[in-house]
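*Asks:* Using the working numbering, you'd call the opening residue of the sequence shown number 134 and step up by one each time.
Glycine included, each C-beta is placed from N, C-alpha and C at the ideal position.
None of these values were measured; they are calculated from a predicted model.
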Amino acid sequence: MNGEIHMDAAAVGRPLAEPAKRGSSAGFPWVPVLVFLALWLGGSWAVVGAWIEPWIVGGWLTLAAIFALTALPVVSLVRGVQGQSYPSAFTRLFVLRPFWYAMLFLPVLAAATLLGGAIGLPFGSAGPAGRWALAGASALLVLGGLAGYLGSRRLVVRHLDVQMARLPPAFDGLRLVQISDLHVGPHTPRQFLTRVAQAVEDARPDLIAITGDQVDDFARDVEIFRHAFAHLQAPLGVFAVAGNHDVYAGWSAVRRGLESAGFQVLVNESVAVERRGQQLFVVGTGDPAGLSALAQRGRGASAESTAAPDVDRTLFRIPPSAPVLALAHNPMLWPSLARRGVDLTLSGHTHYGQLAIPKLGWSMASPFLRLAMGAHRDGDSMLYINPGTNYWGIPFRLGTPPEVTVLTLRCGTNGEVGIRQTRALPDQACDRTNGA
Ligand SMILES: [Fe+2]
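1) Compute the distance between the beta-carbons of Ala363 and Ile341, then report whether it is under 7 Å.
2) Below 8 Å on the Cβ atoms is my contact criterion, and I expect Ala461 with Thr418 to pass it. Report the Cβ-Cβ distance as a whole number of Å.
3) Between Leu516 and Thr478, how many whole angstroms is the CB-CB distance? I'm expecting something under 8 Å.
4) On the DSSP bridge list, what partners appear for His509?
5) Ignore the nearest five residues each way along the sequence and tell me which others in Ala336's own chain have a CB closer than 6 Å to its CB.
6) Quick one: which unbroken beta strand (DSSP E) runs of 3-plus residues sit fully inside the stretch 432-457? Chain order, please.
7) Taking just the CA atoms, how far does Val387 sit from Leu254?
8) Quick one: grab the DSSP three-state call for Gln296.
9) Looking at the structure shown, is Trp384 part of a helix, part of a strand, or coil, going by DSSP?
10) Per the DSSP calculation, Gly551 is bridged to which residue(s)?
11) Under 8 Å: do the stretch 289-299 and the stretch 346-356 share three or more Cβ pairs, one atom per stretch?
12) Starting from Arg357, follow its DSSP beta bridges and name the residues at the other end.
13) Just to check my reading of the structure: Gln347 and Ala330 have Cβ atoms closer than 8 Å, yes? What is that Cβ distance to the nearest angstrom?
14) Just to confirm my understanding: we take Ile312, look at its own chain, exclude 5 residues before and 5 after, and list those with CB closer than 7 Å. What are they?
15) Whole angstroms is fine: what's the gap from Arg543's alpha carbon to Val404's?
16) Could you tell me the boundaries of the beta strand (DSSP E) in which Gly417 lies?
17) Is the stretch 226-239 in contact with the stretch 196-216, if contact means three or more CB pairs nearer than 8 Å?
18) Just checking my contact of Ser480 with Asn463 at CB under 8 Å: how many whole Å lie between their CB atoms?
19) Take the Cβ of Val190 as the centre, count every other Cβ of all protein chains shown within 10 Å, and call the residue buried at 16 or more, exposed below.
Here you go:
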């Protein structure tokens, strides 16, 4: 996962290409998808149905109709992925969201029913035991889902002190504010975006970093992002990089939208910011999701147009001893950046799996990713992974609420280097906005 990302420099610098056309439905692998749905959803309904069928009006016919209803949204999902339709807020909230809940919850219910039935079997009561297990699991899922929903609507402002070995004195006390993974769409509550923008402004940032996944797979949603955040300002600039979902949406169009909002978009690029005559370099990488887009487009595409990462190009213009702040959506780029002497990298992407136990340093992303959450250090190079300032998929976050990160840079005295949390507070401005 942490392999070095390097792009052919010859492929860089060509004119921007049009966003990749998504595939046609003719080429979509319908057969494996339908087989998977039949096994995943159909199998789950079959198990649950075997226990509750006598209590359902219409019996198996009704259950088959419910199965078809839970599976049908896949058509809307595929049409959206294929670029053949743009799902409205209604579709996303009341068609696609129930589908994802069904995909997650039904197998759990089926497993609980089977387990209950198996436990009851030696006592001759497999039926009642399975139904009790089903009822218990349903109650737990409803309560867990509710807690996760409330967790996804919280907003925390986390304050971190970052001691850097070679921070110029002019930047001591500099406040960076990072937001990430907003995944904005028409279903995103405007009030929540207002709370995020207010929290960023309240932090009085010197520099704002937006580290990718601005939109949720549809380029036109960048308008919503622009409307919510275009007014944000900071003396040293507002910078944005590409996330994998921005790439899936069509990076060229997303980039245009971000630039029209006044954000400085960095893809394999660097800029120097100045304070009292001293310089700090801010760089932005591309995202690994752009690599497949680059491969598909062949000649005529560039790393910038597809947002594919090119770490060498990103750092090309920077003097060896200069301090560097890197924005990289995917933390898997950090080892490459650290090896090249980047002082501080800000990432997002992992969402901490939207389920975490921070005290144990564990998240749902931890079994899959070495760089899954929190702060990391390698020599004088540091990484902070923002857990996301909203949610992806279903509105569920437990143990890891949406976060606005405020990082205060400090000159490392006596060679001290590290990231230390100073405060993590519920955003007061948010509560005012809600009238709470
Ligand atoms: Fe994301």
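*Replies:* So, from the data block:
1) Along the sequence shown, one-based indexing puts residue 363 at 230. Along the sequence shown, one-based indexing puts residue 341 at 208. For Ala363 and Ile341, no; Cβs fall outside 7 Å.
2) Indexing the sequence shown from 1 puts residue 461 at position 328. Indexing the sequence shown from 1 puts residue 418 at position 285. The pair is a contact, with the Cβ atoms about 4 Å apart (cut-off 8 Å).
3) Residue mapping note: residue 516 aligns to position 383 of the sequence shown, counting from 1. Residue mapping note: residue 478 aligns to position 345 of the sequence shown, counting from 1. Right, the Cβ-Cβ distance comes to about 5 Å (below 8 Å), so this counts as a contact.
4) As a working mapping, residue 509 is identified with position 376 in the sequence shown. Answer is Leu516.
5) By 1-based counting over the sequence shown, the position of residue 336 is 203. Same-chain partners within the cutoff: Val310, Val539.
6) none
7) Reading the sequence shown from its first residue, position 121 is the one you call residue 254. Reading the sequence shown from its first residue, position 254 is the one you call residue 387. Spanning the two alpha carbons is a distance of roughly 57 Å.
8) Along the sequence shown, one-based indexing puts residue 296 at 163. It is a strand residue.
9) For the purposes of this step, residue 384 is taken as residue 251 along the sequence shown, with counting starting at 1. Secondary structure of Trp384 (DSSP, three-state): helix.
10) Numbered from its first residue, the sequence shown carries residue 551 at position 418. Here Gly551 is bridged, per DSSP, to Gln296.
11) no
12) Working through the sequence shown from its first residue, we reach residue 357 at position 224. Sequence inspection shows Ile at residue 357; the Arg mentioned does not correspond to that position. None, per the DSSP bridge assignment.
13) Taking the sequence shown and counting its residues from 1, one reaches residue 347 at position 214. Taking the sequence shown and counting its residues from 1, one reaches residue 330 at position 197. About 13 Å; that fails the 8 Å criterion.
14) Along the sequence shown, read from residue 1 onward, the residue named residue 312 stands at position 179. So the list reads Val329, Val333, Ile343, Thr522, Val537, once near-sequence residues are dropped.
15) Counted from its first residue, the sequence shown places residue 543 at position 410. Counted from its first residue, the sequence shown places residue 404 at position 271. If I take the Cα positions, the gap works out to 21 Å.
16) If you number the sequence shown from 1, residue 417 lands on position 284. Per DSSP, Gly417 belongs to the beta strand (DSSP E) from 411-417.
17) yes
18) As a position in the sequence shown, residue 480 is number 347, starting the count at 1. As a position in the sequence shown, residue 463 is number 330, starting the count at 1. Rounded, the Cβ-Cβ distance is 7 Å, consistent with contact.
19) Position 57 of the sequence shown, counted from the start, is the residue given in the question as residue 190. So Val190 counts as exposed.
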